[in-house]
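In our numbering, the protein residues as written are 2 to 140.
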């Protein structure tokens, strides 16, 4: 049988450190904050109660929120993008870039907007600034 699967032990993974068991390297996934503001094209007015979606490269952590009265939204904690600085250039870990996407879905009043390639490092706050959406039927 495969006795390797029955191994027991304890591993402590610290932020930005690699833990090693035999030939398996493990790295904890860090979190940070993604924030921004949804505004209307032309006027620059805040869009309150707009749905904003965070689509992560790891789909099980996707979620949504609603903007406040000033059009602001925040996702915290949000997974850091891949690869984190602690493993960049390592031949052990896959180096394919994995980033997030922020979506403001279309509604009866507004066209939708998407911003891809959103990256985030552990403990970082990534302020996306204004995400401008256009009103249906002109301004």
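Where is the CB? At the ideal position from N, CA and C, for every residue including glycine.
Our two residues, residue 120 and residue 35, have alpha carbons roughly 9 Å apart in a direct line. Here residue 57 has 63, 80 and 101 as same chain residues with Cβ atoms under 6 Å from its own Cβ, once five neighbours each way along the sequence are excluded.
As the crow flies, the alpha-carbon of residue 42 is around 6 Å from that of residue 133. Minimum Cα-Cα distance from residue 125 among the listed residues 86, 95 and 71 corresponds to 86. Nearest in C-alpha terms to residue 130, of all of 113, 30, 123 and 71, is 71.
Just so you know, the alpha carbons of residue 136 and residue 92 end up roughly 48 Å apart. Of 51, 108, 13 and 12, the smallest CA-CA separation from residue 40 is found for 51. Shown here for residue 106: same chain residues with a beta carbon closer than 7 Å to its own, the five before and five after excluded, namely 52, 54 and 113 in chain order. A direct Cα-Cα distance of roughly 58 Å separates residue 12 from residue 138.
When DSSP states are grouped into helix, strand and coil, residue 58 belongs to the coil group. Of the candidates 16, 48 and 77, the residue whose Cα lies closest to the Cα of residue 128 is 77.
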